[in-house]
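Protein chains: 2
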Amino acid sequence: MFTNVLRYLEPEQLKKIEEIKFPVNFAKGETIFKQGAPLTHIIVINKGLLKVYLEDREQHSIILRLIKSGEIVGGPGFHTDYRHHFSLTALEETEAFFIDVMQFENCLLQNSTFAIKFIAYLNKGHIGLYNKLRVFEHKHMNGRMASTLLYLSEQIYEAEEFETELSRQDIADMSAMTKESSIRLIKNFKDSGIIECNNNHFKLLDKEHLINIMENG
Amino acid sequence: MFTNVLRYLEPEQLKKIEEIKFPVNFAKGETIFKQGAPLTHIIVINKGLLKVYLEDREQHSIILRLIKSGEIVGGPGFHTDYRHHFSLTALEETEAFFIDVMQFENCLLQNSTFAIKFIAYLNKGHIGLYNKLRVFEHKHMNGRMASTLLYLSEQIYEAEEFETELSRQDIADMSAMTKESSIRLIKNFKDSGIIECNNNHFKLLDKEHLINIMENG
DNA sequence: AAATATTATTGATATATCTCAATATTTTTT
DNA sequence: AAAAAATATTGAGATATATCAATAATATTT
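So the protein sequences, as listed, match chains S and D.
All letters in the first sequence, in the order written, are residues 1 to 217 by my numbering.
All letters in the second sequence, in the order written, are residues 218 to 434 by my numbering.
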């Protein structure tokens, strides 16, 4: 059973989708699709963790969010230019189901209640982007880093202590700064006793403080 | 007749919408709705120019885009929390039609082809936000200012010479910088012969150069 | 027409953050 | 196990941009 927006499909539609979907596996570091490539399939993540990122000029990318198992990935190319507008890369071993985008469109056409649910899903994504914009416009790096750490803890790993596959560069790309700055800020937070951190093991010690930094720092 | 996504409605639906819509006028500077307020109506701009902006902490706002006559404004609160996630303020004398959001929802439910068109419209907005994020992540102010001037010329005023109601603060809020910086950059562009500018009158003299600055500067 | 408020402009200074470069550590390949 | 590659760390220095403050110009109110 799907835990994403597909759960609102009618049983026959769901059956059809189950029939046509096919699995593809990705190793850590492999790319599911690249920004600019044609959008031919909707993707449902069955297992794994991935990063959604915008590729700016060479050397620079912006990580918009991470995707966990259960989530669905479409993209704004749907019914516009049918291209991908971001790239999607596995951070861990990942299993994904591919669903033909035309079959997905049929579901929307045949079931306007589902279409409304899909619109709601798109709107949630839109709200997420507004928040990302707001965070990125924070003048201070501290606030952006605090926001990233809280995001990882609350939204992704759902624990105050976690082990991540993200590199320092990834954390920097999530926080709109250079990798050197991300390293220095993590060190500062550590020295201030707000977090513990050894390599890829993080523990948030003072969430109140982090929230305060995110909002005011 | 509507020039926005509403033109895809069936004739009877269109008639219904025409019946229930009602006009409201706004003077320059007046706010149509505020971020956080309940979303009760979809709005169609009949005449005028408006700014869509995120209110960050006090003193700081981010202008996402401008809205011209003919355009429709919904917002991602639809079918999520039914709140406005941005504020909308008139830059010029504006006439807007208000359409009850529940009637709009009925249109989507009764007409899945329309729902698909609406999804396409939402996706175009999503692509626009990605571009905004990319521009804001430009490290150099020059590139952000060039991008704003090109946006005003190409997307809004559709001319290389234009008179704007935007203040220097507005231009700064569109370009992710302080008003002092926006003033200094406009002066620099003027001194370099890339633009002409007297108060609110702008003329782009060297678009090639501006595009180059936007992409590489 | 004068007074007030708002917006625009300019300059000096402070500082946050990037860049570059060197070294250390970890991971991958041979 | 050694070599190579990739990633992480630290420091010094450069610089883009914000902040603050003072003045000028424009718009609004009285």
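Every residue gets a Cβ at the ideal spot worked out from N, C-alpha and C, and that includes glycine.
Minimum Cβ-Cβ distance from residue i to chain D less than 8 Å
{"i": "Pro38/S", "result": "no"}
{"i": "Glu71/S", "result": "no"}
{"i": "Lys124/S", "result": "yes"}
{"i": "Phe104/S", "result": "no"}
{"i": "Ser266/S", "result": "This structure cannot speak to residue 266/S, because chain S is shown only from 1 to 217."}
Own chain, CB closer than 7 Å to residue i, minus 5 neighbours either side, in chain order
{"i": "Ile156/S", "result": "Leu66, Lys68"}
{"i": "Lys47/S", "result": "Ser69, Thr94, Glu95"}
{"i": "Leu205/S", "result": "Gly193, Ile194, Ile195, Glu196"}
{"i": "Leu221/S", "result": "Given a span of 1 to 217 for chain S in the structure shown, any question on residue 221/S remains unanswerable."}
{"i": "Gln386/D", "result": "Lys396"}
{"i": "Leu325/D", "result": "Phe331, Ala332, Phe335"}
{"i": "Val135/S", "result": "Arg144, Ser147"}
Where the alpha helix (DSSP H) containing residue i begins and where it ends
{"i": "Asn142/S", "result": "141-151"}
{"i": "Ser286/D", "result": "From DSSP, Ser286/D is part of no alpha helix (DSSP H); its letter is neither H nor E."}
{"i": "Thr113/S", "result": "112-136"}
Local conformation of residue i per DSSP, three classes
{"i": "Pro255/D", "result": "strand"}
{"i": "His209/S", "result": "helix"}
{"i": "Phe97/S", "result": "strand"}
{"i": "Ser175/S", "result": "helix"}
{"i": "Leu222/S", "result": "A question about residue 222/S goes unanswered here, because the residues of chain S that appear run from 1 up to 217."}
{"i": "Phe243/D", "result": "strand"}
{"i": "Leu383/D", "result": "coil"}
{"i": "Phe104/S", "result": "helix"}
{"i": "Leu204/S", "result": "strand"}
{"i": "Glu397/D", "result": "helix"}
{"i": "Asn4/S", "result": "coil"}
{"i": "Glu161/S", "result": "strand"}
Closer than 9 Å at the beta carbon, the chain S residues around residue i
{"i": "Ser399/D", "result": "Those within 9 Å of Ser399/D in chain S number zero; the least Cβ separation is about 15 Å."}
{"i": "Ile344/D", "result": "Pro76, Gly77, Thr80, Asp81, His85"}
{"i": "Leu350/D", "result": "Leu54, Ile62, Leu64, Leu129, Lys132, Leu133, Phe136"}
CB contact below 8 Å: residue i versus chain S
{"i": "Asp273/D", "result": "yes"}
{"i": "Ala389/D", "result": "no"}
Listed by chain order, chain D residues near residue i by CB distance under 8 Å
{"i": "Leu9/S", "result": "Per Cβ cutoff of 8 Å: no residues; Leu9/S is ~14 Å from chain D at best."}
{"i": "Ala115/S", "result": "Leu325, Ser329, Ala332, Ile333, Ile336"}
Residues that residue i contacts on chain S, provided the C-beta gap is smaller than 8 Å
{"i": "Pro240/D", "result": "Near Pro240/D there are no residues of chain S at all, since even the closest Cβ is about 26 Å away, more than 8 Å."}
Residues near residue i in its chain [Cβ-Cβ closer than 6 Å; skip 5 each side]
{"i": "Glu12/S", "result": "none"}
{"i": "Tyr121/S", "result": "Val5"}
{"i": "Ala37/S", "result": "His84"}
{"i": "Glu163/S", "result": "Asn200, His201"}
{"i": "Glu30/S", "result": "Ala90"}
{"i": "Phe104/S", "result": "Ile42"}
{"i": "Gln252/D", "result": "Glu272, His301, Phe303, Ser304"}
Within chain D, partners of residue i - CB distance below 9 Å
{"i": "Thr137/S", "result": "Per the sequence presented here, residue 137/S reads as Glu, with Thr not at that position. The answer, in chain order, is Leu271, Asp273, His277, Ile279, Phe353, Ala393."}
Closer than 7 Å at the beta carbon, the chain D residues around residue i
{"i": "Ile99/S", "result": "Residues of chain D passing the Cβ test: none, with the nearest at roughly 16 Å."}
Limits of the beta strand (DSSP E) - the one that residue i falls within
{"i": "Thr297/D", "result": "Thr297/D -> no beta strand (DSSP E), and no H or E assigned at all."}
{"i": "His302/D", "result": "First-last for His302/D: undefined, no H or E at that position."}
{"i": "His175/D", "result": "This structure does not reach residue 175/D, given that chain D is present from 218 up to 434, and the question cannot be answered."}
{"i": "Phe250/D", "result": "248-250"}
{"i": "Leu50/S", "result": "49-55"}
{"i": "Asn198/S", "result": "195-198"}
8 Å CB neighbourhood of residue i in its chain, flanking five on each side removed
{"i": "Ile316/D", "result": "Ile234, Ile237, Lys238, His258, Ile259, Ile260, Val261"}
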